[in-house]
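If you read the sequence shown in our numbering, its first letter stands for residue 26, the second for the next number, and so on.
See below for the structure under consideration.
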Amino acid sequence: MSIAAKLIDRNDAAPSFATGPDIEAQIADAARFTRRHAIAAIYRATSGHPGGALSCAEILACLFGAEMNFWPASVNDPYRDRFVLSKGHACPALYAIGAYHQFCSKQEALGLRKLGSPFQGHPHVRDLPWVETSTGSLGQGFSVAVGMALGMKMQRMRARAYVLLGDGELQEGEVWEAAMCAAHHKLDNLCAIVDYNKMQSDATNEAIMRLEPLADKWRAFGWTVFEVDGHNIAEILSTLHLAASTRERPSVLIAHTLKGKGVPFMEGSPAWHGSVKLTRQQAADALTALGASPEDIKDLIDG
Numbered sequence: 026m027s028i029a030a031k032l033i034d035r036n037d038a039a040p041s042f043a044t045g046p047d048i049e050a051q052i053a054d055a056a057r058f059t060r061r062h063a064i065a066a067i068y069r070a071t072s073g074h075p076g077g078a079l080s081c082a083e084i085l086a087c088l089f090g091a092e093m094n095f096w097p098a099s100v101n102d103p104y105r106d107r108f109v110l111s112k113g114h115a116c117p118a119l120y121a122i123g124a125y126h127q128f129c130s131k132q133e134a135l136g137l138r139k140l141g142s143p144f145q146g147h148p149h150v151r152d153l154p155w156v157e158t159s160t161g162s163l164g165q166g167f168s169v170a171v172g173m174a175l176g177m178k179m180q181r182m183r184a185r186a187y188v189l190l191g192d193g194e195l196q197e198g199e200v201w202e203a204a205m206c207a208a209h210h211k212l213d214n215l216c217a218i219v220d221y222n223k224m225q226s227d228a229t230n231e232a233i234m235r236l237e238p239l240a241d242k243w244r245a246f247g248w249t250v251f252e253v254d255g256h257n258i259a260e261i262l263s264t265l266h267l268a269a270s271t272r273e274r275p276s277v278l279i280a281h282t283l284k285g286k287g288v289p290f291m292e293g294s295p296a297w298h299g300s301v302k303l304t305r306q307q308a309a310d311a312l313t314a315l316g317a318s319p320e321d322i323k324d325l326i327d328g
């Protein structure tokens with residue numbers, strides 16, 4: 026699909042939107058690549074956060090593949106859409122989707138956490154010019170995205186700001202301060218997506234600090250709220266379309282996802298949240314589960 030085919034006309038009350046079997050197949054391919062590349066990068070780094078990188082693959086693939094007006098040639102274009110990975114520890118997935126869309130080299134992006142590599146354990150804007158801001162301290166990326174949306178609105182730009190948050194991240198007070206600010210300023214050019222995989226570092230959200238009723242909380246703060254299956258590409262795309270049509274309010278997609286999606290021994294287990302070291306066999310098993318061929322597995326693991 027050409028870049029022009031995926032652009033949303035922000036002047037329309039109901040924006041045109043690229044969807045259908047072809048684009049959905051391309052996005053599914055991007056999500057598969059993202060998961061495989063992220064696992065390989067974490068294996069090579071001997072450290073990383075696989076659970077949350079795997080759970081957000083379809084979300085990132087939809088944003089970069091169909092929703093956002095953002096591509097390699099537009100990195101310095103002030104009228105581009107902005108994306109902030111507020112859950113910065115999931116950066117292996119961001120680097121992977123960036124590699125898929127040629128923002129960076131696929132091979133170099135496997136250099137996660139290596140000394141001197143621009144692909145560190147959290148995104149760094151000065152190392153990677155296509156990353157909008159450095160993130161890592163949870164909650165701060167969301168505040169930056171609110172500031173971006175406010176600045177673009179004040180300048181009457183048609184561009185939008187998108188921000189991906191982790192569900193554990195919502196326990197940060199800064200998130201709700203930013204949510205209140207966004208609603209007050211009627212930032213209808215802001216779309217937040219919550220990767221709601223129900224788990225965080227040590228256990229479930231429910232066990233550590235419950236978030237429910239989550240949708241009602243966002244509504245109480247003045248946001249338009251959508252709930253989606255975070256692995257259903259057609260549903261994500263159509264809901265992003267609705268969010269782009271919302272006026273006078275910021276929008277949030279609560280995306281119900283599965284931690285470790287695609288790798289059976291990681292799925293639904295907080296043990297695979299982060300700071301893990303994959304053995305060669307675990308990496309090979311994960312890549313096999315993700316549909317990689319023996320040749321691809323050898324190339325990803327050994328380079």
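We put the CB at the ideal spot given by N, CA and C, even for glycine.
- Secondary structure of Cys216 (DSSP, three-state): strand.
- Between the alpha carbons of Thr313 and Glu237 lies a distance of about 36 Å.
- DSSP, reduced to helix, strand and coil, places Tyr104 outside both helices and strands of the structure shown, so it counts as coil.
- By the criterion of at least three beta-carbon pairs nearer than 8 Å, the segment 242 to 257 is in contact with the segment 192 to 208.
- Cβ contact annotation for Glu260 (same chain, cutoff 7 Å, sequence separation greater than five): Val253, Asp254, in chain order.
- Taking the C-beta atoms as reference points, Leu315 is found nearer than 8 Å to Arg60.
- Counting C-beta atoms within 10 angstroms of its own C-beta, Glu320 has fewer than 16 neighbours from the protein chains shown and is therefore classed as exposed.
- Under the rule that a run must span 4 or more residues, the alpha helix (DSSP H) segments found entirely inside the segment 46 to 108 read 46 to 70, 75 to 80, 82 to 87.
- Ser111 and Phe167 do touch by the CB rule: their CB atoms are close to 5 Å apart, below 8 Å.
- In this structure, the CA atom of Gly287 is about 29 Å from the CA atom of Ala170.
- Taking all protein chains in view, the Cβ of Phe128 is crowded by 16 or more other Cβ atoms within 10 Å, so the residue is classified as buried.
- Pairing Ser162 with Gly113, the inter-Cα distance amounts to about 8 Å.
- Counted as a single uninterrupted DSSP element, the stretch harbouring Ala317 is not any beta strand (DSSP E), since DSSP gives it neither H nor E.
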